[in-house]
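Quick mapping for you: the protein sequence lines, in order, are chains A and B.
The working numbering numbers the first residue of the first sequence as 77 and each following residue consecutively.
The working numbering numbers the first residue of the second sequence as 77 and each following residue consecutively.
For glycine and all other residues, C-beta sits at the position ideal for the given N, C-alpha and C.
Reading through the structure tokens given below for one structure.
Protein chains: 2
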Amino acid sequence: MSEEMVTILDVAQAAGVSTQTVSRVLNDRPDVSAETRERVQQIIETLGYSPNVFARNLSRGRSNIIGVIGYGLSYFGPSRVLTGIEAKLYELGFSLTLNLIDLFDPLQVESILYDLLSRRVEGIIWAVPAIDQYFDWLAEKFSKMQTPVIYINKGPTDSDFVSAMDNKLGGRLATTHLMEQGYRRIGIITGPSRWWEAQERLAGWREVVTEAGYSNIDNLIVEGDWNPPSGDAGLQSLVDQDPEIDAVFISNDQMALGAMQASRHLGLRIPDDLGIVGFDDIPEAAYFYPPLTTIRQDPRALGAMAVEWINAIVKARQTGVDLEPDISWSQPRLVVRKSSLRESGMGE
Amino acid sequence: MSEEMVTILDVAQAAGVSTQTVSRVLNDRPDVSAETRERVQQIIETLGYSPNVFARNLSRGRSNIIGVIGYGLSYFGPSRVLTGIEAKLYELGFSLTLNLIDLFDPLQVESILYDLLSRRVEGIIWAVPAIDQYFDWLAEKFSKMQTPVIYINKGPTDSDFVSAMDNKLGGRLATTHLMEQGYRRIGIITGPSRWWEAQERLAGWREVVTEAGYSNIDNLIVEGDWNPPSGDAGLQSLVDQDPEIDAVFISNDQMALGAMQASRHLGLRIPDDLGIVGFDDIPEAAYFYPPLTTIRQDPRALGAMAVEWINAIVKARQTGVDLEPDISWSQPRLVVRKSSLRESGMGE
DNA sequence: CTGTTAGCGCATTCAA
DNA sequence: TTGAATGCGCTAACAG
Numbered sequence: 077m078s079e080e081m082v083t084i085l086d087v088a089q090a091a092g093v094s095t096q097t098v099s100r101v102l103n104d105r106p107d108v109s110a111e112t113r114e115r116v117q118q119i120i121e122t123l124g125y126s127p128n129v130f131a132r133n134l135s136r137g138r139s140n141i142i143g144v145i146g147y148g149l150s151y152f153g154p155s156r157v158l159t160g161i162e163a164k165l166y167e168l169g170f171s172l173t174l175n176l177i178d179l180f181d182p183l184q185v186e187s188i189l190y191d192l193l194s195r196r197v198e199g200i201i202w203a204v205p206a207i208d209q210y211f212d213w214l215a216e217k218f219s220k221m222q223t224p225v226i227y228i229n230k231g232p233t234d235s236d237f238v239s240a241m242d243n244k245l246g247g248r249l250a251t252t253h254l255m256e257q258g259y260r261r262i263g264i265i266t267g268p269s270r271w272w273e274a275q276e277r278l279a280g281w282r283e284v285v286t287e288a289g290y291s292n293i294d295n296l297i298v299e300g301d302w303n304p305p306s307g308d309a310g311l312q313s314l315v316d317q318d319p320e321i322d323a324v325f326i327s328n329d330q331m332a333l334g335a336m337q338a339s340r341h342l343g344l345r346i347p348d349d350l351g352i353v354g355f356d357d358i359p360e361a362a363y364f365y366p367p368l369t370t371i372r373q374d375p376r377a378l379g380a381m382a383v384e385w386i387n388a389i390v391k392a393r394q395t396g397v398d399l400e401p402d403i404s405w406s407q408p409r410l411v412v413r414k415s416s417l418r419e420s421g422m423g424e
Numbered sequence: 077m078s079e080e081m082v083t084i085l086d087v088a089q090a091a092g093v094s095t096q097t098v099s100r101v102l103n104d105r106p107d108v109s110a111e112t113r114e115r116v117q118q119i120i121e122t123l124g125y126s127p128n129v130f131a132r133n134l135s136r137g138r139s140n141i142i143g144v145i146g147y148g149l150s151y152f153g154p155s156r157v158l159t160g161i162e163a164k165l166y167e168l169g170f171s172l173t174l175n176l177i178d179l180f181d182p183l184q185v186e187s188i189l190y191d192l193l194s195r196r197v198e199g200i201i202w203a204v205p206a207i208d209q210y211f212d213w214l215a216e217k218f219s220k221m222q223t224p225v226i227y228i229n230k231g232p233t234d235s236d237f238v239s240a241m242d243n244k245l246g247g248r249l250a251t252t253h254l255m256e257q258g259y260r261r262i263g264i265i266t267g268p269s270r271w272w273e274a275q276e277r278l279a280g281w282r283e284v285v286t287e288a289g290y291s292n293i294d295n296l297i298v299e300g301d302w303n304p305p306s307g308d309a310g311l312q313s314l315v316d317q318d319p320e321i322d323a324v325f326i327s328n329d330q331m332a333l334g335a336m337q338a339s340r341h342l343g344l345r346i347p348d349d350l351g352i353v354g355f356d357d358i359p360e361a362a363y364f365y366p367p368l369t370t371i372r373q374d375p376r377a378l379g380a381m382a383v384e385w386i387n388a389i390v391k392a393r394q395t396g397v398d399l400e401p402d403i404s405w406s407q408p409r410l411v412v413r414k415s416s417l418r419e420s421g422m423g424e
């Protein structure tokens with residue numbers, strides 16, 4: 077801050093009133109005469125006065141800040157979620173401090189949490205993909221902080237506030253669609269098994285193929301790492317493991333892209349020899365060769381919902397009320413393109 | 077903040093020292109006996125004390141915050157830039173307030189700037205793609221604020237601090253490569269003409285084809301909007317305008333993807349009938365069909381560099397020094413894949 | 001090495 | 001409708 081910031085006192089003196097009155101004008105309070113208000117506003121304008129947020133927060137005892145802990149922005153979902161979060165926070169008048177982590181590094185997380193505590197954030201949004209085993213640790217930290225937290229995309233518990241995409245439903249939609257298209261042996265390339273989202277998508281697939289009476293299910297499963305090369309390698313393993321395979325549900329579009337390349341190597345025509353459904357509906361998916369059938373998420377809405385919720389929690393707290401933990405689900409939907417339409421040929 | 081936050085006074089009393097001493101311990105100052113320090117730290121621990129950032133900032137007269145104004149995170153470049161910014165800010169101990177805008181809406185920007193001013197940010201990073209005509213307006217706002225600003229990816233001036241990718245060089249690299257591969261009539265699908273980055277990439281292409289003695293250059297140019305459909309449409313127009321075309325430099329990978337689809341429609345084989353070079357090297361590019369030759373940027377490094385610079389500016393200011401505005405360029409490089417290798421066939 | 005005094009800029013009592 | 005006094009939690013400047 078530059079040394080000569082104009083303060084509320086400067087304004088007050090210039091206007092010939094007390095700092096009190098200026099404060100009232102600043103906070104749009106009714107008990108100021110129109111005339112005085114006008115004059116003060118003029119002075120504020122000409123002096124270029126801008127209220128010091130720190131002083132205000134200190135005095136008010138509130139920060140008006142929400143802390144967001146996010147995961148690298150390289151992935152489609154997380155980056156869109158953040159967009160939704162930012163927009164909604166702005167709309168509600170909160171400001172946002174952002175911290176990004178790429179792995180779950182307890183030391184780093186601890187230091188970030190310490191920071192957020194010092195900053196007296198009114199709420200925390202945990203927008204990091206859920207990987208098992210660290211939530212107990214986290215929950216303990218959060219409970220010490222006494223700061224409300226909302227998690228994005230993790231499984232429900234009875235003590236957490238969660239805003240999540242129904243990934244299992246997505247897995248069901250994809251698999252069911254392939255069955256309806258007449259595919260008879262549907263495999264899956266899942267994401268890393270430690271990821272909750274991968275687990276759920278897998279669970280959706282598993283339900284459907286089990287209901288269909290599949291046997292030897294394990295042969296139909298291969299694990300990838302979300303990136304194209306693992307989709308490439310994954311499809312090859314899958315075909316090795318079970319040569320009968322005629323369709324694959326792939327847990328994200330990037331791996332599906334890799335699998336498409338593998339299928340060209342293997343001489344498998346899509347969708348005739350092999351049906352493919354991805355997950356995410358990234359902007360490129362419609363332009364894959366062939367265009368990719370996939371499950372569309374709305375991560376922005378997910379982010380926005382999380383913000384609305386934390387806002388509700390914070391507001392309730394101010395009146396001494398504690399809301400009940402719950403999970404709110406967001407629904408994905410199927411987007412059908414060529415890669416899974418057996419009736420048609422390869423042409424566009 | 078919950079009502080019963082423990083303060084520095086609580087700690088002082090519990091430790092039987094003055095608040096001053098506690099403050100010294102907090103700030104790692106040498107003039108405290110090891111013994112006292114130890115004791116105070118114990119108390120801090122057991123009481124779960126966490127210093128109030130607002131009080132500290134108010135008293136210190138500094139905020140330790142950098143404001144980042146970014147552009148939607150959907151695009152490859154901007155989202156990676158932000159990642160780089162966040163990481164470096166964290167490393168340097170700054171905290172980050174983030175504001176995202178999607179269009180240049182003066183009212184919104186004005187309100188964001190007002191907010192940043194109130195928050196007494198020590199510097200601003202303007203990470204919004206440069207579109208002509210708004211910089212004068214911005215510069216005026218910033219100069220009133222007296223807050224140092226660094227722009228990412230805009231053209232140089234002699235009054236701005238800029239950290240930019242050398243897009244023109246990228247355009248040259250792409251076009252030169254196509255020439256070296258023996259392509260004789262190289263068109264371009266550019267980004268929106270108002271974008272600085274699009275202009276520069278176009279300029280690079282233009283230089284090379286001009287040096288090569290091309291005529292009727294205008295027929296070789298089509299403008300897209302960065303998205304796949306415009307690449308699709310763009311290639312079709314290009315072939316209409318100049319049937320001799322045997323290669324295209326496309327200003328980003330997403331449009332290149334669209335153009336690949338168009339070339340299949342048109343029966344043009346890549347790279348035999350048509351060479352293609354994109355820009356960005358998104359993760360999917362290596363898995364396009366065929367794999368895409370492209371220009372690789374390092375947006376994270378760009379973001380990190382911007383942060384280091386603003387840090388230097390801020391630090392210099394504290395000692396009363398004003399650094400000289402300048403631009404620092406970051407170099408892109410060519411990544412060669414199948415889509416531009418005339419010697420090879422379509423196979424992988 | 002430690003404590004005292006003062007003030008950062010604002011909002012919240014309470015009086016007038 | 002307005003003003004005076006007080007405190008938010010911390011650090012800086014000085015003294016001891």
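A contact between stretches requires three or more CB pairs, one per stretch, nearer than 8 Å, and the segment 349-356 of chain A meets this requirement with the segment 318-337 of chain A. DSSP places G310(A) inside the alpha helix (DSSP H), whose first and last residues are P304 to Q317. Using a Cβ distance threshold of 8 Å, L168(A) and V315(A) do not count as a contacting pair. Look at the segment 394-411 of chain B: it has no residue with a C-beta under 8 Å from a C-beta of chain A.
Non-local beta-carbon contacts of V98(A) in its own chain, meaning distances under 6 Å to residues more than five positions away in sequence, involve I84, V87, A88 and V116 in chain order.
The alpha-carbon separation between R418(A) and T252(A) amounts to approximately 14 Å. In the displayed model, S404(A) falls within a strand according to three-state DSSP. Taking L189(B) as the centre and dropping the five residues before and after it, the same chain places the C-beta of K217 and M221 closer than 7 Å to its C-beta, in chain order. For L172(A), the enclosing beta strand (DSSP E) begins and ends at S171 to I177. If you check each beta-carbon in the segment 193-223 of chain B against every beta-carbon of chain A, the ones closer than 8 Å belong to L193, S194, R195, R196, E198, K220 and Q222.
In this structure, P304(B) lies near E360(A), with their beta-carbon atoms less than 8 Å apart. Taking a C-beta cut-off of 9 Å against chain B, the contacting residues of the segment 322-350 of chain A are D329, Q330, L333, G334, M336, Q337, R340 and H341, listed in chain order. Residue-level contact by beta carbon fails for S291(A) and chain B, as no gap is shorter than 8 Å. Annotation: T223(A) is outside any alpha helix (DSSP H) and is labelled neither H nor E by DSSP. A distance below 7 Å between beta-carbons, with the five flanking residues on each side excluded, links D374(A) to the following residues of its chain, in chain order: S406. For the segment 168-179 of chain B, the residues whose beta carbon sits under 8 Å from a beta carbon of chain A are, in order, S171, L172, T173, L174, N175 and L176.
The residue among S235(A), V204(A) and D191(A) with its C-alpha nearest the C-alpha of I228(A) is V204(A).
In terms of CA proximity to S306(B), I264(B) leads the group A288(B), I293(B), I264(B) and D322(B). For E276(A) against K244(A), the beta-carbon gap comes to about 4 Å, under 8 Å, which counts as contact.
Spatial neighbours of R413(B) in its own chain (CB-CB distance under 8 Å, excluding positions within 5 residues in sequence) are listed in chain order as A361, A362, P366, P367, L368, T369 and T370. Nearest to D322(A) by alpha-carbon distance, out of G334(A), A309(A) and S339(A), is S339(A). Listed by position along chain A, the residues whose Cβ is nearer than 8 Å to that of P359(B) are S150, N303, P304 and Q330.
The secondary-structure analysis by DSSP pairs W271(A) across a beta bridge with I207(A). Between the C-alpha atoms of L174(A) and V144(A) there is a straight-line separation of about 5 Å.
Across the segment 115-141 of chain A, CB contacts with chain B closer than 8 Å involve G124, S126, P127, N128, V129, F130, A131, N133, L134, G137, R138 and S139, in sequence order along the chain. Taking a C-beta cut-off of 9 Å against chain A, none of the residues of the segment 239-259 of chain B qualify. Taken atom to atom, the span from the alpha-carbon of Y259(B) to that of M336(A) is near 29 Å.
For L85(A), the nearest beta carbon of chain B is not closer than 8 Å to its own beta carbon. With a threshold of 16 other beta carbon atoms within 10 Å, R270(A) falls short and is exposed. Collapsing the DSSP output to three states places V397(B) in coil. A direct Cα-Cα distance of roughly 13 Å separates G231(B) from A279(B). Here I84(A) carries a helix assignment [DSSP, helix/strand/coil].
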